[in-house]
Amino acid sequence: MHIRGIARYIVDRMVSRTRELSQGRNVGSIGLVNEEGHISHMTPMVDGGLGGIPLRSLLAKITRMEHRSLIEGMQQLPSNAVFLTTRPGKTGLITDVSGVDFFGIPIVSIGVKEQGSAGVGLVYPKAEFFDLSTESERLNLETLTVNTMDAEKEVLRRSHQMELQYLEVGEELPVVDMPEAPAVEEASDRQEWNIPRKTVMALDRELAEDLIRRSVEIGQGREVATMGRVDGEGRVVAWGEIVAGGIGFVPSRLLASSAVDIKGRSLRYIYSEMVSPDAVIVHTHPGGTGVMHIGDAHAGPGSWGRPIVAIGHDKDGHIRGATVIEATDDLFRLADEEEHLNIKFFGAKTPEEEAEIRNRKFGIAQDYTGLCKPIEIN
452 MHIRGIARYI
462 VDRMVSRTRE
472 LSQGRNVGSI
482 GLVNEEGHIS
492 HMTPMVDGGL
502 GGIPLRSLLA
512 KITRMEHRSL
522 IEGMQQLPSN
532 AVFLTTRPGK
542 TGLITDVSGV
552 DFFGIPIVSI
562 GVKEQGSAGV
572 GLVYPKAEFF
582 DLSTESERLN
592 LETLTVNTMD
602 AEKEVLRRSH
612 QMELQYLEVG
622 EELPVVDMPE
632 APAVEEASDR
642 QEWNIPRKTV
652 MALDRELAED
662 LIRRSVEIGQ
672 GREVATMGRV
682 DGEGRVVAWG
692 EIVAGGIGFV
702 PSRLLASSAV
712 DIKGRSLRYI
722 YSEMVSPDAV
732 IVHTHPGGTG
742 VMHIGDAHAG
752 PGSWGRPIVA
762 IGHDKDGHIR
772 GATVIEATDD
782 LFRLADEEEH
792 LNIKFFGAKT
802 PEEEAEIRNR
812 KFGIAQDYTG
822 LCKPIEIN
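So the sequence shown is residues 452 to 829, counted in the working numbering.
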């Protein structure tokens, strides 16, 4: 898909809404490219909140998101879809490929300054950009493996050189005069695509011990992970290789590389077309008991629709426990409520209203932890 331009009315609408919101908040929409290569239509805009654009709300403008993870929603995007977003206080220059990697569709960035539009940038989903993301993930972890200051300097030097490469990923998109069109809703042209929900009852002991052994070996509180598979009896068995992540996280591309060849593929393609529907994310929690939190829920079933298992262990490698968070309607309801609160926060008119919102946000985090289900290791 080659994009020749974007309708001026779309740019004007998004800039106007961004300026109206102010407070550094952006807005997002799904644009649709016509046969002439112009972004001529858009879905209703969604306001950005505390975490930027609420992705579930964005996808809900074009497809039904009830009972769905983000990857299931993204698979309903029309073949001519483009992700539109504004950048308050910036130009439209794109220096990041995380969005195009995640969605696997073109990303358009509209810069917004006080006087109005400050340029429109475009980045296409390209294999070299996805590989650049993989390289970035690995480079970000290298500082945890080096043993001297000189070695760390070299890693940081390479990191800055990579940042210069990111300056060239985007291009400027022309703004063209076109007739205005009403917002488009529920425009998905795809067949229904869902990941079968799996119930996890147990974890293979040998797999758990292999992960803990590697986790203790690299130390420093770093998590390790792998892709497992759940069998017909609800037991998670080994599938992929073990990969080492950072302190408190394992990057999504690196995680997938434990089981499939991710070269030249977007995250969306990897987790929809390559990772098995029976896959389970299995990772360690050094110093913990396996109880997970909101970040684990988002990194697992919330984004990729697969269960996530955590194994807690002490510094000597003794297993303290294991839990799973599965893809459930309760999890997706919490995700929707969290997005709603992130927007509602800006509408609070009194300290009491803001306190109520903040308290509920803490409550949601607790509810996510409550979704953890202890599982056997056998």
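Every residue, glycine too, gets a C-beta built ideally from N, C-alpha and C.
Counting the other Cβ atoms within 10 Å of the Cβ of Asp552 gives 16 or more, which makes it buried. When DSSP reads this structure, Val497 sits in a beta bridge with Gly479. In the DSSP assignment, no residue is bridged to Glu579. Of the residues Leu583, Val484, Leu624 and Glu623, the one whose Cα lies closest to the Cα of Gly550 is Leu583. Bounds of any alpha helix (DSSP H) do not take in Val533; it lies within the beta strand (DSSP E) bounded by Ala532 to Pro539.
Arg609 counts as exposed, since fewer than 16 other beta carbons sit within 10 angstroms of its beta carbon. Taking Glu790 as reference, the option from Gln612, Lys812 and His453 with the minimal CA-CA separation is Lys812. Between Gly751 and Ile732, the C-beta spacing is below 7 Å.
In the DSSP assignment, Pro802 falls within the alpha helix (DSSP H) that extends over Pro802 to Gly821.
Setting aside the 5 residues that flank it on each side, Thr677 is surrounded in the same chain by Gly691, Ile693, Ser709 and Val733, each with a C-beta closer than 6 Å to its C-beta; the list follows chain order.
For the pair of segments examined, the segment 560-570 was found not to touch the segment 488-499: the number of CB pairs separated by less than 8 Å stays below three. Under the three-pair Cβ rule at 8 Å, the segment 520-532 does not count as touching the segment 569-585. Leaving aside the five residues that flank Val462 on each side, the residues in its chain whose CB is nearer than 8 Å to its CB run, in chain order, Ile561, Ser568, Val571 and Val626. Rounded to the nearest whole angstrom, the CA to CA distance from Arg468 to Ala695 is 43 Å.
Under the DSSP definition of a beta bridge, Glu623 partners with Gly572.
Look at Arg716 here: in three-state DSSP terms it is coil, with no helix or strand label. A Cβ-Cβ separation of about 6 Å places Leu654 in contact with Ile826 under the 8 Å criterion. Note on Pro737: 16 or more other CB atoms within 10 angstroms of its CB, so buried under the neighbour-count rule.
In the structure shown, Gly746 falls within a helical segment according to DSSP collapsed to helix, strand and coil.
With contacts defined as CB atoms closer than 7 Å, Thr546 and Leu618 qualify as a contacting pair. Per DSSP, the unbroken beta strand (DSSP E) holding Met678 starts and ends at Arg673 to Val681. Excluding the 5 residues flanking it on each side, Gly502 has same chain C-beta neighbours closer than 6 Å at Asn793, in chain order. Distance from the CA of Leu521 to the CA of Gly756, rounded to the nearest whole angstrom, comes to 7 Å. Inclusion of Asp729 and Arg680 in the CB contact set at 7 Å is warranted, their separation being smaller than that value.
In this structure, Ile698 keeps its C-beta atom at 7 Å or more from the C-beta atom of Gly739. Ranked by Cα distance from Val726, the options His744, Ile646 and Glu777 are led by Ile646. Within the DSSP secondary-structure output, Ile770 pairs in a beta bridge with His764. Straight-line spacing of the CA atoms in Arg476 and Asp498 works out to 7 Å. DSSP, read as helix, strand or coil, puts Thr735 in strand. Here Asp682 really is in contact with Val688; their C-beta atoms are around 6 Å apart, less than 8 Å.
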